[in-house]
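Quick note on the working numbering: the sequence shown kicks off at 13 and runs consecutively.
Backbone N, C-alpha and C define an ideal beta-carbon position, used for all residues, glycine too.
Fair warning: this is a prediction, and the values are worked out from it, not measured in the lab.
Note sheet for the following structure.
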Amino acid sequence: MRDNKIKIALLGATGSIGTQALDIISEHNDLFEVVLLSAHHNKELLHEQCLRFNPKFAVLTGPQFQQQKPSIGNPSITTTYYAQEDLLSLIVDPDVDLVLNSLVGFAGFHPTYTALKNNKKVALANKESLVVGGAIIKEVLSQTSGTLVPIDSEHSAMLQSLVGEDKDCIEEIIITASGGPFRNLSLEEMAHVTIEQALNHPNWSMGAKITIDSATMMNKGLEIIEAHWLFDIPIQKITPIVHPESIIHSMVTYIDGSTKAQLGPPDMKVPILYALSYPNRLDLHSSRMDWGKMHNLHFEPVDPKRFPCIQLAIDSVSLHVGGPAILNAANEIAVAHFLEGKIKYIDIPKIIEKSLNQISFNQSLDVESLMALDAETRDYARTICQHGSI
Ligand code: NDP
Ligand code: MG
Numbered sequence: 013m014r015d016n017k018i019k020i021a022l023l024g025a026t027g028s029i030g031t032q033a034l035d036i037i038s039e040h041n042d043l044f045e046v047v048l049l050s051a052h053h054n055k056e057l058l059h060e061q062c063l064r065f066n067p068k069f070a071v072l073t074g075p076q077f078q079q080q081k082p083s084i085g086n087p088s089i090t091t092t093y094y095a096q097e098d099l100l101s102l103i104v105d106p107d108v109d110l111v112l113n114s115l116v117g118f119a120g121f122h123p124t125y126t127a128l129k130n131n132k133k134v135a136l137a138n139k140e141s142l143v144v145g146g147a148i149i150k151e152v153l154s155q156t157s158g159t160l161v162p163i164d165s166e167h168s169a170m171l172q173s174l175v176g177e178d179k180d181c182i183e184e185i186i187i188t189a190s191g192g193p194f195r196n197l198s199l200e201e202m203a204h205v206t207i208e209q210a211l212n213h214p215n216w217s218m219g220a221k222i223t224i225d226s227a228t229m230m231n232k233g234l235e236i237i238e239a240h241w242l243f244d245i246p247i248q249k250i251t252p253i254v255h256p257e258s259i260i261h262s263m264v265t266y267i268d269g270s271t272k273a274q275l276g277p278p279d280m281k282v283p284i285l286y287a288l289s290y291p292n293r294l295d296l297h298s299s300r301m302d303w304g305k306m307h308n309l310h311f312e313p314v315d316p317k318r319f320p321c322i323q324l325a326i327d328s329v330s331l332h333v334g335g336p337a338i339l340n341a342a343n344e345i346a347v348a349h350f351l352e353g354k355i356k357y358i359d360i361p362k363i364i365e366k367s368l369n370q371i372s373f374n375q376s377l378d379v380e381s382l383m384a385l386d387a388e389t390r391d392y393a394r395t396i397c398q399h400g401s402i
């Protein structure tokens, strides 16, 4: 007989969100159970996690494992698979109630789409899913009983501020941004920043890609697109504001001038747990705000000259239906090259802008055309990164 625990497929278990999600699942192991864990390269950590959580399935998607097929977890309990396609077929297993997608980048799109198409509940950290294919995801949501709950802290704050409200009464969504490590740097200083400096986020400890996105503020641009699709709000009604303390995670202003916000210490476990328990709340052993000691919360506008990525993201939406997918693919390639020391930090927006100007897209957006557009943009962006024609 099936027990009442919520059975979770955790994609990207070895990452920053994935490991925190596992901590939460073990804190509430009377409510949640892991049935699938996936990783890309980190087979050692996946092995440890499988020994600890005994999932039915493990998936190791890195191409190098397809031949060697390393043993993961306890083989009498866990069956291990080695291909991206396996991930897609296993998340629709009847034993999976909820897919927690904490993959990074475009690789997360297909699992989100497949899970929703098969009527699963998705707790979504992988913002790129909505950035590249928001229109496709929205259509699937309207045709199936699949549901989507955000994990991104800003979107969790928006969701929490929207509970009990009428969508037509929203005047503006204010999405907060820490400003990242280069908030106070001049354009001249930005020309010389190092990989280590860019990876040193003041408030959050996250995976490398999102940490660089936070430094360029592309992360906020991606999140504006994410909010646009998630809450069906026009881009023009979503305003980014720099709030260096990362205490207010986002706000919603209503037509009567009232603003609702969600506040708390910067801790991703809060929105991860809310996505798993939504619309209810569960207890969490995490730090609390000491409001008696709280002195100041600061706010400042985003400077588009020093952080051009945010405007590129906003503009990509009105460019054409494939704009955000081009933006995302070019950004992923540029960030990867920056992390390998092959391009400069200030080259990242230039590569994205060139890609948006160069690549045209006159089709309707479906899964196939999206895959092709992503691949074409990656090829183009890789060429300009590698041949120094930035
Ligand atoms: P990490 O880089 O820390 O983790 C990514 C996970 O995905 C790892 O398990 C990694 O496996 C796996 N992975 C990487 N590439 C692939 C691929 N091509 N195919 C399949 N699996 C892959 O990322 P984060 O946890 O920081 O971020 C995950 C997502 O959540 C991103 O979309 C990010 O924007 C979003 N997010 C993250 C926040 C955070 O605090 N970290 C906050 C809000 C949103 P392996 O370890 O084996 O390489
Ligand atoms: Mg966020």
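- Per the Cβ contact rule, the segment 283-291 is in contact with the segment 30-43 (3 or more Cβ pairs under 8 angstroms).
- In the structure shown, S262 adopts extended strand secondary structure according to DSSP, grouped into three states.
- Near the ligand MG, meaning a Cβ closer than 6 angstroms to any of its heavy atoms, lie the following residues in chain order: D164, S165, E166, E235.
- Your pair P277 and S190 does not check out as a contact, with CB atoms roughly 13 angstroms apart and the cut at 8 angstroms.
- Segment contact: the segment 43-52 against the segment 97-116, three or more CB-CB distances shorter than 8 angstroms; contact assigned.
- Collapsing the DSSP output to three states places A147 in a helix.
- In this structure T156 touches K129 by the C-beta definition: roughly 6 angstroms separates them, less than 8 angstroms.
- By the C-beta density criterion, M218 is buried, having at least 16 other C-beta atoms within 10 angstroms.
- Listed in chain order, the non-local C-beta contacts of F319 below 6 angstroms within the same chain comprise M229, local neighbours out to five positions each way being set aside.
- A distance below 6 angstroms between beta-carbons, with the five flanking residues on each side excluded, links A342 to the following residues of its chain, in chain order: I363, I364, S367, T389, A393.
- A distance below 7 angstroms between beta-carbons, with the five flanking residues on each side excluded, links L339 to the following residues of its chain, in chain order: L324, A325, S328, I364, L368.
- Selection L115, L100, S330 evaluated against S28 yields L115 as nearest (Cα-Cα).
- In this structure the segment 249-264 touches the segment 190-205; the number of beta carbon pairs closer than 8 angstroms is three or more.
- CA-CA distance, F311 to P336, rounds to 28 angstroms.
- Rounded to whole angstroms, the separation of the alpha carbons of P82 and R293 is 39 angstroms.
- Judged by pairs of C-beta atoms under 8 angstroms, the segment 231-241 does not touch the segment 116-127, as fewer than three such pairs exist.
- Counting only unbroken stretches of 4 or more residues, the alpha helix (DSSP H) elements lying wholly within the segment 40-94 are 55-65, 77-80, in sequence order.
- G27 has its CB nearer than 8 angstroms to a heavy atom of the ligand NDP.
- Look at Q274: its beta carbon is at least 8 angstroms from all of the heavy atoms in the ligand NDP.
- Pairwise C-beta distances place the segment 160-177 in contact with the segment 130-145, as three or more of them are shorter than 8 angstroms.
- Check the Cα spacing between K17 and each of G146, Y290, N41: the tightest is with N41.
- Relative to the ligand NDP, the nearest heavy atom lies less than 8 angstroms away from the CB of I222.
- Between the alpha carbons of N374 and G400 lies a gap of roughly 29 angstroms.
- Per the C-alpha coordinates, the member of I236, T395, L377, T90 positioned closest to V152 is L377.
- Looking at the DSSP output, V111 sits in a beta bridge with A21, V134.
- Between I103 and A127, the beta carbon gap of about 5 angstroms places them in contact (Cβ cut-off 8 angstroms).
- In the three-state scheme derived from DSSP, where H, G and I count as helix and E and B as strand, I185 is classed as strand.
- Judged by DSSP in its simplified three-state form, I163 adopts coil rather than helix or strand.
- Within its own chain, the residues whose Cβ lies closer than 6 angstroms to the Cβ of D359, once the five positions on either side in sequence are excluded, are I402, listed in chain order.
- Burial state of D178 is exposed, judged by a 10 Å Cβ sphere holding fewer than 16 other Cβ atoms.
- Between the segment 166-181 and the segment 258-267 there are three or more inter-stretch CB-CB distances shorter than 8 angstroms, so the stretches are counted as touching.
- Annotation for T228: the continuous alpha helix (DSSP H) segment containing it runs 220-228.
- Proximity of the segment 92-106 to the segment 266-277 falls short of the contact definition, fewer than three beta-carbon pairs being nearer than 8 angstroms.
- With fewer than 16 neighbouring CB atoms inside 10 Å of its own CB, K305 falls in the exposed class.
- Distance between H59 and E352, taken at the CA atoms: about 28 angstroms.
- As DSSP reads the structure, I250 sits in a beta bridge with I185.
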